[in-house]
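In our numbering, the protein residues as written are 152 to 399. See below for the structure under consideration.
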Amino acid sequence: MRALLSVSDREGIVELARGLTDAGIECFATDGTRSHLAESGIEGIRPVSELTETDEILGGRVKTLHPSIFAGLLARRDRPDHLAELAEHGVEQIDVVVVNLYPFARTVRDPATKLDEALEQIDIGGVALLRAAAKNFPGVAAVSSPTQYASVLRDIKTRGQVSPETRQKLAADAFALTAAYDGQVASFLNVQAGTVFPSRMSLVVEKKADLRYGENPHQLGAFYTDPAHAGGSISSAWDADLGTPRMA
152 MRALLSVSDR EGIVELARGL TDAGIECFAT DGTRSHLAES GIEGIRPVSE
202 LTETDEILGG RVKTLHPSIF AGLLARRDRP DHLAELAEHG VEQIDVVVVN
252 LYPFARTVRD PATKLDEALE QIDIGGVALL RAAAKNFPGV AAVSSPTQYA
302 SVLRDIKTRG QVSPETRQKL AADAFALTAA YDGQVASFLN VQAGTVFPSR
352 MSLVVEKKAD LRYGENPHQL GAFYTDPAHA GGSISSAWDA DLGTPRMA
């Protein structure tokens, strides 16, 4: 098995990489992620350039956008013609992708953020990797958040691979994440352009917690907040440690 690691949020990545390598999974990583892992004592992580046979360019803007990577992600494992084509081109399958995206919403939450600063926080390669892996979830695990690392490692330790059920859940999470991410970018650019009524709008909210119950005790409920909201609000108070019991 092979894994590709490229993260901006380093939470839990050392433990995940250690678990993957201990399980005999061959790991590749982009330069920043690989350097962080090496500094943390994780040896044997190979550079992505070994897959692409080219270095990162444009100051890191182009790292993973390469046919050798995307063919390895998108090839269907149940299609002999796909596998034969991979072999013909010397491309190896990639079984696990671990990506989290540049923190765009957190960046633009600051009203002083300039347009150029915001544009640099729009992730291109990470979104593409997650979508490719998620599209091919019958054979590839698209891991998009540190909160998923434990379940991925548990599957690998107990089953030798990420289970089909987990892969499908990861795919759904990845598509939800990339859709929300693009919605945040579109919303910011519309505001910057002075567009009052855009032709399309996306409501982007993130789940903060399950509630004790919904509108009535026999109903389920959950609490969501707007991650790009700047300033005070009732919902943003959830982030404060108020020591209160779980809401209904």
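By construction, the Cβ of each residue, glycine as well, lies at the ideal position given by its N, Cα and C atoms.
Three or more Cβ pairs closer than 8 Å define a contact, and the stretch 249-269 meets that threshold against the stretch 282-302. In the three-state reduction of the DSSP assignment, Asp229 falls in the coil class. Ranking Ala222, Ala238, His233, Pro262 by CA distance to the CA of Val342 puts Pro262 first. Residue ranges of uninterrupted beta strand (DSSP E) with 3 or more members, entirely inside the stretch 298-365 and ordered along the chain, are 357-361.
In this structure, the beta-carbon distance from Cys178 to Ala189 does not fall below 8 Å. About 6 Å separates the CB atoms of Thr172 and Gly195; that is less than 8 Å, so the two are in contact.
In the DSSP assignment, Pro198 is bridged to Ala180.
In its chain, beyond the 5 residues on either side, Ala285, Phe288, Ala293 have a beta carbon closer than 7 Å to the beta carbon of Ala322.
Closest in C-alpha terms to His240, from the list Glu204, Asp267, Thr258, comes Glu204. Cα atoms of Leu156 and Arg363: separation of roughly 37 Å, rounded to the nearest angstrom. For Arg153, the enclosing beta strand (DSSP E) has its first and last residue at 153-158. Shown here, Val250 sits in a strand according to DSSP, grouped into three states.
Per DSSP, the unbroken beta strand (DSSP E) holding Ala373 starts and ends at 373-376. Nearest Cα to Val313 within the set Val291, Asp333, Ser296: Val291. Counting along the chain, the unbroken beta strand (DSSP E) around Ala292 starts and ends at 292-294. Looking only at Asp333, Glu166, Gly223, the smallest Cα-Cα distance to Arg305 is reached by Glu166. Beyond the five residues adjoining it in sequence on each side, Ala337 comes within less than 7 Å, by CB distance, of Ser353 in the same chain, given in chain order.
Here Arg318 is actually not in contact with Gln244; their C-beta atoms are around 14 Å apart, not less than 8 Å. The C-beta distance from Val303 to Ala331 rounds to 21 Å, too long to fall under 8 Å, and the pair is not in contact. Setting aside the 5 residues that flank it on each side, Thr258 is surrounded in the same chain by Thr264, Glu268, Ala269, Gln272, each with a C-beta closer than 7 Å to its C-beta; the list follows chain order. In this model, Leu328 and Glu357 are separated by some 10 Å (Cα to Cα).
Around the Cβ of Gly276, a 10 Å sphere holds 16 or more other Cβ atoms; the residue is buried. A distance below 7 Å between beta-carbons, with the five flanking residues on each side excluded, links Thr215 to the following residues of its chain, in chain order: Ser157, Thr181, Val199, Gly276, Leu280.
For the options Ala344, Asp377, Leu202, Phe348, the alpha carbon positioned closest to that of Lys359 is the one of Asp377. The shortest CA-to-CA distance from Pro297 to any of Asp324, Phe374, Gly334 is the one to Asp324.
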